[in-house]
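Numbering (the working numbering), first residue to last: 314 to 419.
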């Protein structure tokens with residue numbers, strides 16, 4: 314009877330050791346899976362962030378390009394207006410010079 318109790322205890326200890334070993338293995342696999350999932354989520358988040366960053370950069374680039382184009386058009390208009398003024402003054406200057414040369418008024 315004592316031997317049966319001892320064998321029963323040994324079997325219980327063996328079963329407990331196996332159960333602990335299986336639990337440790339399951340826990341280790343769960344941790345590995347969780348770590349792999351976290352790495353994959355981090356990778357996907359990085360890809361999404363890069364795509365969002367590129368989109369925002371392209372939006373800003375388009376806005377700035379439009380602003381620069383608008384400024385260039387405004388400057389062209391101002392330059393053309395100044396050139397037109399200069400032409401008008403040139404016509405008057407030519408008339409005065411021709412008048413001076415032909416009539417000798419000083």
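The C-beta atom is built at its ideal place from N, Cα and C for all residues, glycine as well.
Source: prediction; values computed, not measured.
Quick one: Cα of residue 348 to Cα of residue 356, how far?
-> Here residue 348 refers to the residue found at position 35 of the chain shown. Here residue 356 refers to the residue found at position 43 of the chain shown. Computed Cα separation, rounded: 12 Å.
Work out the CA separation of residue 328 and residue 316 for me, nearest whole Å.
-> Here residue 316 refers to the residue found at position 3 when the chain shown is read from its first residue. Here residue 328 refers to the residue found at position 15 when the chain shown is read from its first residue. So the two alpha carbons sit approximately 18 Å from each other.
Cα-Cα separation, residue 332 to residue 341 | For the purposes of this step, residue 332 is identified with residue 19 of the chain shown, where counting begins at 1. For the purposes of this step, residue 341 is identified with residue 28 of the chain shown, where counting begins at 1. If you take the alpha carbons of residue 332 and residue 341, they lie about 14 Å apart.
Got a sec, what are the start and stop residues for the alpha helix (DSSP H) residue 385 sits in?
-> Here residue 385 corresponds to residue number 72 of the chain shown, with the count starting at 1. Counting along the chain, the alpha helix (DSSP H) containing residue 385 begins and ends at 315 to 416.
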